[in-house]
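K.L.:
Before anything else, here's the structure in question.
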Amino acid sequence: MAGQGRRDYCWRNYLSGNTLEMMSDMRRQFAELLQTAGFIDDKCPRPLEAHGQHARNHTLVKAVLAAGMFPNVATTKPGKREAKWHTIEDGKVKPHPSSVNSFVSGFPARWIVYNQK
(Lines of atoms letter the chains of each structure in order from A and count residues from 1; the text may use other names and numbers.)
(Lines give C-alpha, C1' and ligand atoms only; values in the text may rest on other atoms or scores of the structure.)
Protein backbone atom coordinates (compact mmCIF):
# COMPACT_ATOMS: atom_id res chain seq x y z
CA MET A 1 0.00 0.00 0.00
CA ALA A 2 1.40 3.43 -0.91
CA GLY A 3 2.00 6.11 1.74
CA GLN A 4 -1.26 8.00 1.16
CA GLY A 5 -3.21 4.73 0.92
CA ARG A 6 -1.82 3.62 4.29
CA ARG A 7 -2.76 6.91 5.92
CA ASP A 8 -6.27 6.73 4.47
CA TYR A 9 -6.72 3.13 5.64
CA CYS A 10 -5.59 4.02 9.16
CA TRP A 11 -7.84 7.07 9.22
CA ARG A 12 -10.92 5.12 8.07
CA ASN A 13 -10.30 2.33 10.60
CA TYR A 14 -9.29 4.51 13.59
CA LEU A 15 -5.75 3.13 13.63
CA SER A 16 -2.42 4.77 14.30
CA GLY A 17 0.14 4.13 11.57
CA ASN A 18 2.98 4.83 14.01
CA THR A 19 1.62 2.32 16.51
CA LEU A 20 1.20 -0.33 13.80
CA GLU A 21 4.78 0.27 12.68
CA MET A 22 5.98 -0.04 16.29
CA MET A 23 4.05 -3.31 16.68
CA SER A 24 5.65 -4.66 13.50
CA ASP A 25 9.10 -3.77 14.83
CA MET A 26 8.33 -5.44 18.16
CA ARG A 27 7.18 -8.57 16.32
CA ARG A 28 10.46 -8.65 14.40
CA GLN A 29 12.44 -8.17 17.63
CA PHE A 30 10.50 -10.96 19.32
CA ALA A 31 11.30 -13.30 16.42
CA GLU A 32 14.98 -12.43 16.76
CA LEU A 33 14.85 -13.16 20.52
CA LEU A 34 13.19 -16.52 19.85
CA GLN A 35 15.90 -17.33 17.28
CA THR A 36 18.67 -16.32 19.70
CA ALA A 37 17.13 -18.49 22.43
CA GLY A 38 16.98 -21.44 20.01
CA PHE A 39 13.20 -21.70 19.78
CA ILE A 40 13.19 -20.86 16.07
CA ASP A 41 15.61 -22.17 13.43
CA ASP A 42 18.15 -19.49 12.44
CA LYS A 43 17.94 -20.54 8.79
CA CYS A 44 14.18 -19.92 8.52
CA PRO A 45 13.62 -16.90 6.20
CA ARG A 46 10.21 -15.97 7.70
CA PRO A 47 10.33 -17.36 11.24
CA LEU A 48 6.97 -16.20 12.58
CA GLU A 49 4.96 -17.35 9.58
CA ALA A 50 6.61 -20.76 9.66
CA HIS A 51 5.84 -21.20 13.35
CA GLY A 52 2.27 -19.87 13.35
CA GLN A 53 0.64 -23.27 12.85
CA HIS A 54 -1.40 -22.91 16.06
CA ALA A 55 -2.32 -19.24 15.61
CA ARG A 56 -5.94 -20.06 14.72
CA ASN A 57 -6.37 -22.45 17.66
CA HIS A 58 -8.00 -19.86 19.92
CA THR A 59 -8.37 -22.26 22.84
CA LEU A 60 -4.65 -23.00 22.82
CA VAL A 61 -3.71 -19.33 22.44
CA LYS A 62 -5.94 -18.42 25.41
CA ALA A 63 -4.37 -21.19 27.49
CA VAL A 64 -0.85 -20.04 26.65
CA LEU A 65 -1.69 -16.42 27.49
CA ALA A 66 -3.30 -17.45 30.76
CA ALA A 67 -0.29 -19.60 31.70
CA GLY A 68 2.12 -16.81 30.79
CA MET A 69 0.24 -14.24 32.84
CA PHE A 70 -0.31 -16.49 35.88
CA PRO A 71 -0.98 -15.46 38.62
CA ASN A 72 -2.56 -12.43 36.88
CA VAL A 73 -5.67 -14.41 36.01
CA ALA A 74 -9.19 -13.68 37.20
CA THR A 75 -12.44 -15.57 36.75
CA THR A 76 -15.42 -13.65 35.44
CA LYS A 77 -19.13 -14.22 35.77
CA PRO A 78 -21.82 -12.21 34.03
CA GLY A 79 -23.59 -9.58 36.12
CA LYS A 80 -26.57 -7.30 35.63
CA ARG A 81 -24.60 -4.09 35.09
CA GLU A 82 -21.00 -5.31 35.23
CA ALA A 83 -19.18 -8.62 35.29
CA LYS A 84 -18.08 -10.08 38.62
CA TRP A 85 -14.35 -10.72 38.90
CA HIS A 86 -12.52 -12.99 41.36
CA THR A 87 -8.83 -13.76 41.90
CA ILE A 88 -7.25 -16.48 44.04
CA GLU A 89 -5.23 -13.96 46.06
CA ASP A 90 -7.77 -11.19 46.62
CA GLY A 91 -11.19 -12.78 46.17
CA LYS A 92 -13.70 -10.33 44.74
CA VAL A 93 -12.03 -7.55 42.71
CA LYS A 94 -13.14 -4.78 40.35
CA PRO A 95 -11.35 -3.30 37.35
CA HIS A 96 -10.30 0.35 37.52
CA PRO A 97 -13.22 2.66 36.63
CA SER A 98 -11.32 4.00 33.59
CA SER A 99 -10.69 0.48 32.23
CA VAL A 100 -12.45 -0.49 29.01
CA ASN A 101 -13.62 -3.60 30.90
CA SER A 102 -15.03 -1.65 33.82
CA PHE A 103 -18.69 -1.68 32.80
CA VAL A 104 -18.82 -4.80 30.63
CA SER A 105 -21.66 -7.01 31.85
CA GLY A 106 -20.12 -10.27 30.63
CA PHE A 107 -17.25 -11.78 28.67
CA PRO A 108 -17.25 -14.67 26.15
CA ALA A 109 -14.63 -16.52 28.22
CA ARG A 110 -14.68 -17.47 31.89
CA TRP A 111 -11.09 -16.33 32.45
CA ILE A 112 -9.44 -12.95 31.90
CA VAL A 113 -5.79 -11.95 32.25
CA TYR A 114 -4.72 -8.57 33.59
CA ASN A 115 -1.48 -6.64 33.73
CA GLN A 116 -1.60 -4.72 37.02
CA LYS A 117 -3.61 -4.72 40.20
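Residue numbers (our numbering): 193 to 309. We treat Cβ as the ideally placed atom computed from N, Cα and C, and that holds for glycine. As the structure is a computational prediction, the values presented were derived from the model and not from experiment.
So, under 8 Å CB-CB, Val265 and Val305 are touching, yes? Tell me the CB distance rounded to an integer number of Å.
P.N.:
In the sequence shown, counting from the first residue as 1, residue 265 sits at position 73. In the sequence shown, counting from the first residue as 1, residue 305 sits at position 113. With 8 Å as the limit, Val265 and Val305 qualify as a contact, their Cβ atoms being about 6 Å apart.
K.L.:
In this structure, does DSSP put Gly298 in helix, strand or coil?
P.N.:
Here residue 298 is taken as the residue at index 106 of the sequence shown, counted from 1. Here Gly298 sits in coil by DSSP.
K.L.:
Closest Cβ-Cβ distance between Pro263 and chain B: below 8 Å?
P.N.:
Here chain B cannot be found, since the structure has a single protein chain.
K.L.:
Could you check which residue in Leu226, Phe262, Ser294, Ala301 has the C-alpha nearest to that of Thr281?
P.N.:
As a working mapping, residue 281 is identified with position 89 in the sequence shown. Reading off the sequence shown, one finds Glu at residue 281, where the question assumed Thr. Per the Cα distances, Phe262.
K.L.:
His246 to Leu252, Cα distance in whole Å?
P.N.:
Here residue 246 is taken as the residue at index 54 of the sequence shown, counted from 1. Here residue 252 is taken as the residue at index 60 of the sequence shown, counted from 1. Taking the straight line joining both Cα atoms gives about 8 Å.
K.L.:
Classify Trp203: buried if its beta carbon has 16 or more other beta carbons within 10 angstroms, exposed otherwise.
P.N.:
Against the sequence shown, residue 203 aligns to sequence position 11. Classification of Trp203: exposed, given that the 10 Å Cβ count is below 16.
K.L.:
For Phe295, which of Leu207, Gly271, Phe231 has the nearest alpha-carbon?
P.N.:
For this step, residue 295 is matched to residue 103 along the sequence shown. Per the Cα distances, Gly271.
K.L.:
Looking at the strands, I want to know which residues DSSP matches up with Thr279.
P.N.:
For this step, residue 279 is matched to residue 87 along the sequence shown. Bridge partners of Thr279: Gly283.
K.L.:
Taking the C-alpha atoms as reference points, what is the distance between Gly283 and Arg302?
P.N.:
Numbered from 1 along the sequence shown, position 91 holds the residue referred to as residue 283. Numbered from 1 along the sequence shown, position 110 holds the residue referred to as residue 302. Each residue's Cα considered, the two are about 15 Å apart.
K.L.:
Here's the rule: buried if 16 or more other CB atoms are within 10 angstroms of the residue's CB, otherwise exposed. What is Ala229?
P.N.:
Translated into the one-based positions of the sequence shown, residue 229 becomes position 37. The residue in question, Ala229, is exposed, as its Cβ has fewer than 16 Cβ neighbours within 10 Å.
K.L.:
So the candidates are Pro287, Ser297, Phe299; which of them puts its Cα closest to the Cα of Gln308?
P.N.:
Position 116 of the sequence shown, counting from 1, holds the residue named residue 308. Cα-wise, what sits closest to Gln308 is Pro287.
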